[in-house]
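Going by the numbering used here, the sequence shown opens with residue 71, and the numbers climb by one from there. Structure first, then comments.
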Amino acid sequence: MSDDRHEQAGHERVPGRHRSRFPGISSRAYEHPADRSALVALRKLTGFDTVFKALSGLLPERSLRLLFLSDSVRVSDRQFAHLSDMLRDACYILDLDKVPAMYVTQDPKPNAMCIGLDEPVIVVTTGLVELLDEEEMRAVVGHEVGHALSGHAVYRTVLLFLTSLALKVAWIPLGNVAIMAIVTALREWFRKSELSADRAGLLVGQDLRASMRGLMKIAGGNHLHEMNVDAFLEQAEEYEAGGDLRDSVLKILNVLPRSHPFTTIRAAELKKWADSRDFQRIMDGHYPRREDDKDARVGESFRQSAASYADEVRTSKDPLMKLVSDLADGAGGLGGRVKRGFNGFTGQPPKDGPAKDAPTGG
Numbered sequence: 071m072s073d074d075r076h077e078q079a080g081h082e083r084v085p086g087r088h089r090s091r092f093p094g095i096s097s098r099a100y101e102h103p104a105d106r107s108a109l110v111a112l113r114k115l116t117g118f119d120t121v122f123k124a125l126s127g128l129l130p131e132r133s134l135r136l137l138f139l140s141d142s143v144r145v146s147d148r149q150f151a152h153l154s155d156m157l158r159d160a161c162y163i164l165d166l167d168k169v170p171a172m173y174v175t176q177d178p179k180p181n182a183m184c185i186g187l188d189e190p191v192i193v194v195t196t197g198l199v200e201l202l203d204e205e206e207m208r209a210v211v212g213h214e215v216g217h218a219l220s221g222h223a224v225y226r227t228v229l230l231f232l233t234s235l236a237l238k239v240a241w242i243p244l245g246n247v248a249i250m251a252i253v254t255a256l257r258e259w260f261r262k263s264e265l266s267a268d269r270a271g272l273l274v275g276q277d278l279r280a281s282m283r284g285l286m287k288i289a290g291g292n293h294l295h296e297m298n299v300d301a302f303l304e305q306a307e308e309y310e311a312g313g314d315l316r317d318s319v320l321k322i323l324n325v326l327p328r329s330h331p332f333t334t335i336r337a338a339e340l341k342k343w344a345d346s347r348d349f350q351r352i353m354d355g356h357y358p359r360r361e362d363d364k365d366a367r368v369g370e371s372f373r374q375s376a377a378s379y380a381d382e383v384r385t386s387k388d389p390l391m392k393l394v395s396d397l398a399d400g401a402g403g404l405g406g407r408v409k410r411g412f413n414g415f416t417g418q419p420p421k422d423g424p425a426k427d428a429p430t431g432g
C-alpha cells in the first residue's frame, strides 16, 4: 500500500502498523445482543432464508447490480486502489472468504451500505470518501464487511424494497399499514445491527479514536479543528439524561423513521464496548468461532438479549427508563400495597394476614 498514492488521492498519510487478525471469527463475537438474538431466531426458522431468496424475482437486486455496474465506479486495483486495499485488508482481518464487490457512487451525502440477496455488494458515496481520512475510512469499510459477515445484506435489501413499496402503495390504507408494520420492525432490528457493524469496524481498524472521529464527521462535517471527541460523547450523555417523560417520548418518535441510530449514541455505545472485557478478550484471541455457529442456541441468545436490555434499563439515565427501572425495583412493594388496597375495598381480609398498620379489632 503506497503512502504517496494516498497523499495524491487527498487522504491523510498514516504510518503502517500491525493489526491483529481473527481467524475463523464468528459474527457472534461482535454482534449486539439484540441484533444477535433476532438473527439467530430467524436463521433457526426452517426455510426462512429460502423464502427470502425466493423473493429475488420481486426484489430489484439484479437491477441494482446493473445500475451500480453502469453508473458507479467499481473499486479495484485500477480504480480507488486505496479502497481496494482496505477492503481486502478488512476481509483478511475478519477472515471473510470472498471479497465483496465494492462501488463508489456519486452522491454528496456521506453514506455506505451493504446489500444483496445472493452475494453482498458494498456501496460508498463520494461524499463519504471525500469526508473521511485513511483510518476513519478503514473503520467504515470494516463496518460494511461486518454487515456482510453477519448476513445483514439480505435483510437490508428487503428493508429497502419494502420501504420503496410502502411509498408506492401509500394510497391503499390497509396495504400500507401492513407493510409499514414490517418496515418498522425491520428498522428496529437494523438500528441494532448498526451497533454490531460499528464494533466490526473497530475490530478492523483497531483505532477507537478514528472510529469516533468518523462518527463525529458524519454528524458535523469535515471540521475536526472545531470538534472534540470527549465533548461529542458528552452530548450523548446529555441527550440520554436530559428532559422529562415528554422528551423520552419525543426521542422514541424521532428515532422510529430512521434506519440508523443517532451518531452520538453510536459513539457512546462503541466507546462502552471498547472499554469492556468482551472487546479485550477478542483482541487477546478469545472469541466464538464460525465452526461452532451450528451449536448456537436460540435460548442462550435470548437470555443474553434480555440481560442486555435489563442492564440498559437499569443503568439508563433517560427519564422514562428510570421510571421503568424504579417501577420494576418497587414492583413487590407496589403489588403488596395494591393487593391490600383491593382487599380492603372488598371487605375481605388479606390471605397473608393483616397489614402491620391495619387495626386488628372488629
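Just so you know, even glycine gets a beta-carbon here, dropped at the ideal spot from N, CA and C.
No beta strand (DSSP E) of 3 residues or more sits fully in the region 143-173. Straight through space, the alpha carbons of Asn292 and Thr195 are spaced by roughly 15 angstroms. In the three-state reduction of the DSSP assignment, Met297 falls in the coil class. Per DSSP, Ile192 is one residue of the beta strand (DSSP E) stretching across Val191 to Thr195.
No residue range can be given for Ile95, since it is assigned to no beta strand (DSSP E) and is classified by DSSP as neither H nor E. In this chain, the alpha helix (DSSP H) harbouring Ala344 covers Thr333 to Ala344.
Beta-bridge partners of Met183 (DSSP): Val193. Leu139 and Pro190 have their alpha carbons spaced roughly 14 angstroms apart.
When C-beta atoms of the region 166-179 are compared with those of the region 275-294, fewer than three pairs fall below 8 angstroms, so the two segments do not count as touching.
For Lys287, the enclosing alpha helix (DSSP H) has its first and last residue at Leu278 to Gly290.
Counting along the chain, the unbroken alpha helix (DSSP H) around Asp348 starts and ends at Arg347 to Met353. Per DSSP, the continuous alpha helix (DSSP H) segment holding Ala218 begins and ends at Glu204 to Ser220.
The residues Ala209, Val210, Gly212, His213, Gly216 and Ser281, in chain order, have a CB closer than 7 angstroms to that of Gly271 in the same chain once the five nearest residues on each side in sequence are set aside. The Cβ neighbour count for Pro103, taken over all protein chains shown within 10 Å, is at least 16; the residue is labelled buried. With distances taken between CA atoms, Glu200 lies nearest to Lys179 out of Tyr162, Arg98 and Lys179. For Ile352, the CB contacts under 6 angstroms within the same chain, skipping 5 residues up- and downstream, are Ala99 in chain order. Using a Cβ distance threshold of 8 angstroms, Pro331 and Glu258 do not count as a contacting pair. Within the same chain, and ignoring the five residues on either side of Met183 in sequence, the residues whose Cβ sits closer than 7 angstroms to its Cβ are Val193 and Arg226. Here Pro358 is actually not in contact with Ser142; their C-beta atoms are around 35 angstroms apart, not less than 8 angstroms. At a Cβ-Cβ threshold of 8 angstroms, Asp277 and Glu339 do not count as neighbours. Taking C-alpha positions only, Leu157 is separated from Leu198 by approximately 15 angstroms. Residue environment: Asp159 is assigned as buried (16 or more neighbouring CB atoms within 10 Å of its CB, all protein chains considered). Spatial neighbours of Gln305 in its own chain (CB-CB distance under 8 angstroms, excluding positions within 5 residues in sequence) are listed in chain order as Thr334.
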